[in-house]
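I have placed the structure first, in the form of structure tokens, so that the comments after it can refer back to it.
Residue numbers (the numbering used here), protein chains in the order written: chain X, 1 to 223; chain C, 224 to 446.
This is the structure we're talking about:
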């Protein structure tokens, strides 16, 4: 069995990705980050989800993105805005978040002798973050294959993004087929300690529309 | 004045880079990492050096590379080897270290609205680490310019590597001309708490040869 490192936030997308990686026969190592996010309950979800899907190991790494700031997801003085339909990158964007997360994944993958990294980025029903786009992921993979001892010695790193061009509804249908229980997942940018969602932020609105379009009953616990 | 973010380990190379960035008129923000390295004294050096060169701010970020392991620089069970002349990447290599460091630099740069990141990598008198080579840095820069809000909105990130093709002797001469006091710097992979060097590891041998070839008296405090 090949090893895969799966970035797992505890949300709808990354949980679906873990289910996909498992279904493809990978031995999965799940990686979450405590980056000072307001939605602390997503880490509780991640732990349960990693256990449910039989990840060999689940690690929560602490990274100090809250000290760096610049995002409504980490700064107590910046309010998480309600959903808005426009082309601007919203204030929930966290500077260099996926770059930092993938870099820790790259380091752990090298120690595990794993060459596969799964990440649940999506460039369709998403918040417009630059580090979710295919061109970014491709450039990251190119860089990663010049960065590490294992890659320069011939074990090429591959970054899998099975959701990147799916709609939220398609993601949900795929996850359902793989037995994902979406009531376990936490998507809301400001979920409370019980994991209950606000229903109004970008993440909540995209998720709810996804369930509607998939004609699947929405199992989210709202506040 | 343009802002620059300077990665500062407290060693000979990064100190020279800080001096270069200052001499080029940048307003410098110095960034060091407590990554569980054995040579703790380099962080003491970094603090003094950032002060001496008038960095606007010096931050030490904690990143858990010691939890990830896989390197003689962080794992107490792996001994730092003596210098050896060969083509293999030595066990002092730290998985994805520069990728992780640059990624935090990228995040902080975005919050500071800085577009310049300086890093003291060198691909001539070095330990053979893949993440010190020009092709790696170029790929990182390409990725960085797809990763952040500031880059996609038109403020291009530039990664400066003023030492990349210099010999250690050339680096020392350049630093001397800029007033660097190398007795303040800590290069040794296993410097003790007083900052005294072992004299035998790769880093020590490359540094000592550099002073010899530059015909500069070696100010290093040896154990």
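Note that beta-carbon positions come from the ideal geometry of N, C-alpha and C, so glycine has one too.
Owing to the predicted nature of the structure, the values given are computational and were not obtained by experimental measurement.
{"Query": "So the candidates are C/229, C/427, C/402 and C/395; which of them puts its Cα closest to the Cα of residue 439 of chain C?", "Result": "C/395"}
{"Query": "Taking only the alpha-carbon atoms, compute the straight-line gap between residue 445 of chain C and residue 165 of chain X and give it to the nearest angstrom.", "Result": "58 Å"}
{"Query": "Do the CB positions of residue 7 of chain X and residue 101 of chain X come within less than 7 Å of each other?", "Result": "yes"}
{"Query": "Express the C-alpha separation of residue 411 of chain C and residue 19 of chain X in angstroms, rounding to a whole number.", "Result": "46 Å"}
{"Query": "Classify residue 372 of chain C as buried or exposed, calling it buried when 16 or more other Cβ atoms lie within 10 Å of its own Cβ.", "Result": "buried"}
{"Query": "Using only CA atoms, which one of X/24, X/32, X/85 and X/38 lies nearest to residue 190 of chain X?", "Result": "X/38"}
{"Query": "With a CB to CB cut of under 8 Å and the five nearest residues on each side skipped, what residues in its chain are close to residue 310 of chain C?", "Result": "351"}
{"Query": "For a contact meaning CB atoms closer than 9 Å, what does residue 106 of chain X contact in chain C?", "Result": "318, 319, 322 and 323"}
{"Query": "Give me the Cα-Cα distance between residue 84 of chain X and residue 214 of chain X, rounded to the nearest whole angstrom.", "Result": "22 Å"}
{"Query": "So what does residue 250 of chain C bridge to, in DSSP terms?", "Result": "C/226"}
{"Query": "Roughly how many whole angstroms lie between the Cα atoms of residue 264 of chain C and residue 408 of chain C?", "Result": "9 Å"}
{"Query": "Just to make sure I have the definition right: I need the residues of chain C whose C-beta is within less than 7 Å of the C-beta of residue 64 of chain X. Which are they?", "Result": "284 and 285"}
{"Query": "Would residue 49 of chain X and residue 15 of chain X be called neighbours here (beta carbons separated by less than 7 Å)?", "Result": "yes"}
{"Query": "Beta carbon of residue 339 of chain C, beta carbon of residue 399 of chain C: below 7 Å?", "Result": "no"}
{"Query": "Less than 7 Å between C-beta atoms, sequence neighbours within five positions excluded: which residues of the same chain meet that for residue 421 of chain C?", "Result": "411, 413, 427 and 446"}
{"Query": "I believe residue 268 of chain C touches residue 402 of chain C by the beta-carbon criterion, under 8 Å. Please report the beta-carbon distance rounded to the nearest angstrom.", "Result": "Their Cβ separation, rounded to whole angstroms, is 16 Å, which puts residue 268 of chain C and residue 402 of chain C out of contact at 8 Å."}
{"Query": "For residue 324 of chain C, which residues does DSSP report across the bridge?", "Result": "BP columns for residue 324 of chain C are empty, so no partner."}
{"Query": "Measuring CB atoms only, is the stretch 343-360 of chain C touching the stretch 135-151 of chain X, in the sense that at least three cross pairs come out at less than 8 Å?", "Result": "yes"}
{"Query": "Using a Cβ-Cβ distance under 7 Å, would residue 1 of chain X count as near chain C?", "Result": "no"}
{"Query": "What's the gap between the Cα of residue 182 of chain X and the Cα of residue 56 of chain X?", "Result": "21 Å"}
{"Query": "Closest to residue 226 of chain C by CA distance: which of C/253, C/349, C/423 and C/360 is it?", "Result": "C/253"}
{"Query": "I want to see whether chain C comes within less than 7 Å of residue 143 of chain X, judged by CB atoms only; does it?", "Result": "yes"}
{"Query": "Measuring only the C-alpha atoms, how far is residue 349 of chain C from residue 358 of chain C?", "Result": "15 Å"}
{"Query": "To which residues of the same chain is residue 527 of chain C closer than 8 Å at the C-beta, ignoring the five residues directly before and after it?", "Result": "Within the shown structure, residues of chain C are numbered from 224 to 446, placing residue 527 of chain C beyond reach of any answer."}
{"Query": "Using a cut-off of 8 Å between C-beta atoms, extract the partners of residue 359 of chain C located in chain X.", "Result": "143, 146 and 147"}
{"Query": "With distances taken Cα to Cα, identify the nearest neighbour of residue 334 of chain C among X/72, X/52, X/25 and X/59.", "Result": "X/72"}
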